[in-house]
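To convert, note that position 37 of the sequence shown is 290 in my numbering; the numbers rise steadily by one, no gaps.
The beta-carbon is built from N, C-alpha and C at its ideal position, and this holds for glycine as well.
Since this is a predicted model, take the numbers as computed values, not measurements.
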Amino acid sequence: MMLSTPGRHRQLQQFLAKLGLVDVSRVNWALLDRALTHSTFSQNHYEQLEFVGDAVLRLVASDFLLTTYPHLSEGGLSAIRAVLVSDRTLAQIGDRYGLERYILTGASARGDKVGRESRVAAAFEALLAALYLSTHDCSLIQCWFEAHLQEFAESIRRDPTWQNYKGALQRLTQGRYHQLPDYRVTEVGTTYGDKERFHAEVWLQGRCWGQGKGQSKKAAEQAAAQMAFLALQQLQEDVAMSVAAIPDVEKSPVKASGQEKLP
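Written as structure tokens, this is what we have:
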């Protein structure tokens, strides 16, 4: 399928060549064009595709991690995935291909330097959606994307704090919500060695997402961070699963560029 503007079609072909895609006969060019069009440029923009792309991203990342690291616990896999699907990681991968120059944007968006990372990450998710919807499988994605997942996953595993739930929670909240979690610790006992001496809560956007008890403040915070991390992961899973209930990509997105709001 050719686009109405030959120049735009050549531009998109050039971008796919950067990805290393040789056989582009199955690509839906109209979807790809839409995936790389910002709302400030046209009403036919990428936000609905971004919604689908969020689910595709998590599927591809989850499949890769389970296949590559079958020995890791669910918590370990989730901690790595939280980083892989963050806006920061997606923007970094997008920058490797010069993705921003292929996104059609209005003047107001081009001048928004603060929202650049979120804008590139959103377009990246929409790109994944366009490639997935072109074939209804991940064959146009895995062939080039998994190398980046491998690189970032290995970098995370080399970090000695990566299995630390406090660290994992911070990476998730910074990457997705652009906020730090707020820990509130109370000493509820005075006996040394009491395993429930401290009680901790983790708050984000005015809501408590996790509670934990421990012999020390650090232990209580770790327990609370684990509960919060898994709760936020489950929230993202529920959002991703809701894609199956959407008959087409014209539904209102649950995610917008910039800081994401929790329900």
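Reducing DSSP to helix, strand and coil, say where residue i ends up.
i       : result
Tyr-436 : strand
Lys-504 : Annotation note: pLDDT 46 at Lys-504 (below 50); position unreliable, coordinate value reported separately. Of the three classes helix, strand and coil, the one that applies to Lys-504 here is coil, per DSSP.
Thr-290 : strand
His-262 : helix
Leu-515 : coil
Leu-272 : helix
His-324 : coil
Gln-423 : helix
Lys-466 : strand
Ala-509 : Low confidence applies to Ala-509: its pLDDT is 42, below 50, so where it sits in the model is not reliable, and the reading given next is rough at best. Residue state, collapsed to three classes: coil.
Val-367 : coil
Val-338 : coil
Compare the beta carbon distance of residue i and residue j with 9 Å and say whether it is the shorter of the two.
i       : j       : result
Gly-359 : Thr-258 : no
Val-455 : Glu-440 : no
Thr-482 : Ala-406 : A small correction: the amino acid at residue 482 is Phe; Thr does not occupy that position in the sequence shown. Cβ distance not < 9 Å, so Phe-482 and Ala-406 don't count as in contact.
Tyr-517 : Gly-328 : Not covered by the structure: residue 517. The range shown for the chain is 254 to 516.
Phe-451 : Gly-442 : yes
Compute the beta-carbon to beta-carbon distance between residue i and residue j, rounded to the nearest angstrom, for a pair I have assumed lies under 8 Å.
i       : j       : result
Leu-337 : Leu-402 : 6 Å
Leu-312 : Leu-285 : Contact doesn't hold; Cβ gap of about 19 Å is too wide.
Tyr-299 : Ala-379 : 4 Å
In its own chain, which residues sit with a C-beta less than 6 Å from the C-beta of residue i, not counting the 5 before and 5 after it?
i       : result
Ala-476 : Gly-465 and Gly-467
Gly-428 : Ser-339, Asp-340 and Arg-341
Pro-434 : Leu-422, Thr-426, Val-455 and Leu-457
So, at 7 Å on beta carbons, what are the nonlocal neighbours of residue i in its own chain, with the 5 sequence-adjacent residues on each side left out?
i       : result
Leu-381 : Gly-306, Val-309, Leu-310 and Ile-394
Ser-315 : Arg-334
Leu-352 : Val-373, Ala-376 and Phe-377
Let me know if residue i comes out buried or exposed under the rule of 16 or more other beta-carbons within 10 Å of its beta-carbon.
i       : result
Leu-319 : exposed
Glu-486 : The sequence given here places Gln at residue 486; Glu does not occur at that position. So Gln-486 ends up on the buried side.
Gly-463 : buried
Lys-448 : exposed
Ser-387 : buried
Gln-344 : One point to set straight first is that residue 344 is Ala, not Gln, in the sequence displayed. Label assigned to Ala-344: buried.
Ala-270 : exposed
Gln-489 : buried
Keeping to the same chain, check which residues put their C-beta closer than 8 Å to that of residue i; ignore five residues upstream and five downstream.
i       : result
Tyr-385 : Val-305, Gly-306, Val-309, Cys-391, Leu-393 and Ile-394
Trp-397 : Leu-272, Gly-273 and Leu-274
Arg-287 : Asn-297, His-298, Tyr-299, Leu-302, Ala-379 and Ala-383
His-291 : His-298, Tyr-299, Ile-356, Leu-357, Thr-358, Gly-359, Ala-362, Arg-372 and Ala-376
Ser-469 : Arg-450 and Phe-451
For chain D, check one thing: does any of its Cβ atoms lie closer than 9 Å to the Cβ of residue i?
i       : result
Arg-460 : The chain labelled as chain D is not found in the depicted structure, where only one protein chain is given.
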